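Undergrad:
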């Protein structure tokens, strides 16, 4: 099979026997990848490859691999390579290496290939889920087959790396691409390690993968997503980028922008006994789809249109093909399975009662599906289209223009590739925002929004919506509320409805509304801000963090947090807060309503807990050591069960401080305090406790279980001789010694007598 949309590269494809068991869209994806590559490279060579499904060259693909490639090629010394690649240094950077060059690249460079009939083989895994649709390459739970195929075919074209790991005749083996790896300005790196693509050694461009971490050195680093030359990710479009073309250009390939009208993006219709037509399309995907539909047209019953006017698909016809240079108006018929294909002139289409497929591959189109019409599968080019689907279950795939799309009633699907304005006042639509920035208004239906890498603005209506976002969306949840699953950097503005946000890997900014908020943090860094007017109601809301993420939460209502990992900053400026930390560290500020309950993290984590009102309970649990600061009211600060070095700070209210078995430190405040337990006399305690009193605070403090020689008192800011004076005036009553400091501080050592200066630091 040879497909040549341009006049340069030709790719001949043969299919392995394994392809007989491939899904129906598999060959469509192969054709799409081939056409795209042919449109991008102008070198006049022919590339012969075999393609397998679950196999490569009839050998099963490695377990866990998404796709694989193999190529045949030649090895040449550096001098021979430098002679055909201008710009390389005169001396060999590798010292004494050989260079592997694939047959395809060798022909581009003018070197002799091996003369084999097959230049290479590629294969896709049969164990993973792929989307094969050229018009819908970002599908949740599926990998982009076209991007994966382009990844492997370009490896056959020479985009590989060796880095001297293999040897030929005891000489280390490299590839031309290895010569464009730099760790910094002027520093080539010809081994594993951090490296960047650079053609001049000065400008560091995209980061290469480090083979020490696995995968290929000729691929991009895992931080580069959405790129055909990087790792593939489920649910993401993997497209060829300008950086990819720069790599191919560096190793010898000539590239062109391609992709526009007139660049081979066409579909031909030449019926027997009829006039030949050429439908010009805006983009490659639409050209492929138009060709596919035309290939399936019957020999009769097709309306052929070559000039502007009004046309009807009558009862005896099943399709219409328009190559008119201006917009045509078409009324659909009653037959099921109608096909309408138009090009750059544009289309005004009114659907009839029959179902059908409409491909308006060019121009600015006006498409209407009124009540009573059959369901339509609608695809438009890159113009500014207006599409109204007022009944049925329609599928709309709009191009890169700024489109106006109205879907009402039914279960409609919208694939938005442009900066569209989409309105769905009712029904249960599914709207997929690809790489664009559409504005989406929802209504009373239960909508599903899938955002691959776009920047949509979504305004939820009166019903709950489900939003899965991998881009930078602005999501207004309004009265309907709903569920948000974020993997990138969304802004979520909650309203009066209940909202659940799962930040997953996202770096989100969430504004709480007057309705309940349930926020689950992940591995990203998110900020949660309560309503500034204090009307936020986060009662019952839970904020569990992921294992490595961070969250900053500013709350104004009664709020519950369950951080499980990462780090968190929780500040409550209204109501009260409950925090039960897991393995994460954090800073937690209680609300002024009091009755704040804070449980520090476990393990080696660190928490800083600050009370906010009366009746607070602050609890240290970690071996890493926590900080507890009492608020303005009565509070309990406890380190029972903790063996970390915790710090206690008293406040103006009455405080109960329960120490642990570590090296706890206490700084008393101005309020009365009772200090109990822990290593203070506990037989299992191995730490040294320190209790400090600051001159001028004058609290009334009772200390229980004070261990002489193990625990100590520190007087801060008092005059010299204060310890001697206090001990000399101490009193004993009921087996307890009482000290009165010069600032009025009262200290009772319950059950302890005979204190000496050795008990003071």
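Residue numbers (this note's numbering): 12 to 772. We put the beta carbon where it would ideally sit given N, CA and C, even for glycine. Small disclaimer: the values here were computed from a predicted structure and weren't measured.
(1) Would you mind listing the alpha helix (DSSP H) stretches within the stretch 12–89 that are 4+ residues and don't spill past its ends, in chain order?
(2) What are the boundary residues of the beta strand (DSSP E) that residue 740 is part of?
(3) Give the straight-line distance between the Cα atoms of residue 275 and residue 515, rounded to the nearest whole angstrom.
(4) Residues bridged to residue 668 by DSSP?
(5) Near residue 658, what residues of its chain come up, given a Cβ to Cβ distance below 6 Å and the 5 sequence neighbours on each side ignored?
(6) What's the call for residue 772, buried or exposed, on a 16-neighbour Cβ count within 10 Å?
(7) Quick check on residue 268: does DSSP put it in helix, strand or coil?
(8) If distances are taken between C-alpha atoms only, which option among 569, 579, 526 comes closest to residue 536?
(9) Could you name the residues of the same chain whose beta carbon sits closer than 6 Å to that of residue 308, not counting the 5 residues immediately before and after it, in chain order?
(10) CA-CA distance, residue 757 and residue 671?
(11) Identify whether residue 625 lies in helix, strand or coil by the three-state DSSP scheme.
(12) Is it true that the stretch 395–403 meets the stretch 303–320, where meeting means three or more beta-carbon pairs spaced less than 8 Å apart?
(13) Tell me whether residue 261 sits in a helix, a strand or coil according to DSSP, three-state version.
(14) With a floor of 3 residues, list each beta strand (DSSP E) that falls wholly inside the stretch 165–248, ordered by position along the chain.
(15) Evaluate the contact criterion for the stretch 171–186 versus the stretch 149–161: three or more CB pairs, one atom per stretch, below 8 Å.
(16) Nearest CA to the CA of residue 117: which residue from 103, 167, 107, 132?
(17) Please report the residue range of the beta strand (DSSP E) in which residue 369 lies.
(18) Buried or exposed for residue 440, going by 16 or more other Cβ atoms inside 10 Å?
(19) Measuring straight from C-alpha to C-alpha, what distance separates residue 315 and residue 132?
(20) Apply the 10 Å Cβ neighbour rule to residue 25 and answer buried if 16 or more other Cβ atoms are within range, or exposed otherwise.
(21) Less than 7 Å separating the Cβ of residue 496 from some heavy atom of the ligand PLP?
(22) Counting beta carbon pairs with one atom in the stretch 202–221 and one in the stretch 134–149, are three or more of them shorter than 8 Å?
(23) Under three-state DSSP, which class holds residue 769?
(24) Give the DSSP-derived three-state secondary structure of residue 353 in the structure shown.
(25) Work out the CA separation of residue 259 and residue 210 for me, nearest whole Å.
(26) Measuring alpha carbon to alpha carbon, tell me which of 474, 608, 443, 378 ends up nearest residue 415.
(27) With contact counted as at least three CB pairs below 8 Å, one residue from each stretch, are the stretch 139–152 and the stretch 194–207 in contact?
(28) Does the beta-carbon of residue 321 have 16 or more other beta-carbons within 10 angstroms, so that it is buried, or is it exposed?
(29) At a Cβ threshold of 8 Å, is residue 413 touching chain B?
(30) Which ranges would you report for the beta strand (DSSP E) in the stretch 365–441 if only whole runs of at least 3 residues count?
(31) Which residues in the same chain as residue 301 place their Cβ atom closer than 7 Å to its Cβ, once the five residues preceding and following it in sequence are excluded?
(32) Out of 468, 493, 486, which one is the CA nearest neighbour of residue 477?
(33) Taking its Cβ as the centre, do 16 or more other Cβ atoms sit within 10 Å of residue 350, making it buried, or is it exposed?
(34) The beta strand (DSSP E) spanning residue 339 covers which residue range?
(35) Does residue 279 come out as helix, strand or coil in the three-state DSSP assignment?
(36) Which value, in whole angstroms, describes the spacing of the CA atoms of residue 490 and residue 498?
TA: The short version:
(1) Qualifying alpha helix (DSSP H) stretches, in chain order: 37–51.
(2) First-last for residue 740: undefined, no H or E at that position.
(3) Note on residue 275: pLDDT 44, under 50, position unreliable in the model; no value is reported.
(4) Per DSSP, 648, 686.
(5) For residue 658, where only same-chain residues beyond five positions count, the Cβ hits under 6 Å are 638, 676.
(6) Answer is exposed; the Cβ neighbour count stays below 16.
(7) With a pLDDT of only 44 at residue 268, under 50, the local geometry of the prediction cannot be trusted, and the value read off the model is given with reservation. Looking at residue 268 - three-state DSSP - the assignment turns out to be coil, as it is neither helix nor strand.
(8) Taking only the C-alpha atoms, the option nearest residue 536 is 579.
(9) Cβ neighbours of residue 308 beyond the five flanking positions: 330.
(10) Cα-Cα distance, rounded: 24 Å.
(11) Of the three classes helix, strand and coil, the one that applies to residue 625 here is coil, per DSSP.
(12) Short answer: they don't touch.
(13) The three-state reading of DSSP puts residue 261 in helix, counting H, G and I together.
(14) Listed in chain order, the complete beta strand (DSSP E) runs (minimum 3 residues) inside the stretch 165–248 are 182–185, 192–195.
(15) The stretch 171–186 is not in contact with the stretch 149–161.
(16) Comparing alpha-carbon positions, the option among 103, 167, 107, 132 lying closest to residue 117 turns out to be 167.
(17) Looking at the DSSP string, the run of the beta strand (DSSP E) that includes residue 369 is 367–371.
(18) Under the 10 Å beta carbon count, residue 440 is surrounded by 16 or more other beta carbons and is classified as buried.
(19) Straight-line measurement puts the Cα of residue 132 at about 41 Å from the Cα of residue 315.
(20) It is exposed - the Cβ of residue 25 has fewer than 16 other Cβ atoms within 10 Å.
(21) As presented, the structure is devoid of all ligands, the ligand PLP included, so that no description of it is given.
(22) Contact between the stretch 134–149 and the stretch 202–221 is absent: fewer than three C-beta pairs spanning the two stretches fall below 8 Å.
(23) The answer is helix: DSSP assigns residue 769 an H, G or I state.
(24) Here residue 353 carries a strand assignment [DSSP, helix/strand/coil].
(25) Rounded to the nearest angstrom, the two C-alpha atoms are 11 Å apart.
(26) Here the closest residue by C-alpha is 378.
(27) Taking 8 Å as the limit for Cβ pairs, the verdict is that the stretch 194–207 does not touch the stretch 139–152.
(28) Under this definition residue 321 is an exposed residue.
(29) The question asks about chain B, but that chain is absent: this structure has only one protein chain.
(30) Contiguous beta strand (DSSP E) elements confined to the stretch 365–441 occur at 367–371, 377–380, 387–391, 397–400, 406–409, 415–418, 424–427, 432–435, taking only those with 3 or more residues.
(31) Its chain contains 278, 290, 292, 352, 370, 372 as the residues whose beta carbon lies nearer than 7 Å to that of residue 301, once the 5 sequence neighbours on both sides are disregarded; these appear in chain order.
(32) With distances taken between Cα atoms, residue 477 lies closest to 493.
(33) By the neighbour-count criterion, in which 16 or more other beta carbons inside 10 Å mark a residue as buried, residue 350 falls on the buried side.
(34) For residue 339, the enclosing beta strand (DSSP E) begins and ends at 339–342.
(35) In the structure shown, residue 279 sits in a strand (DSSP, three-state: E or B).
(36) Taking the straight line joining both Cα atoms gives about 24 Å.
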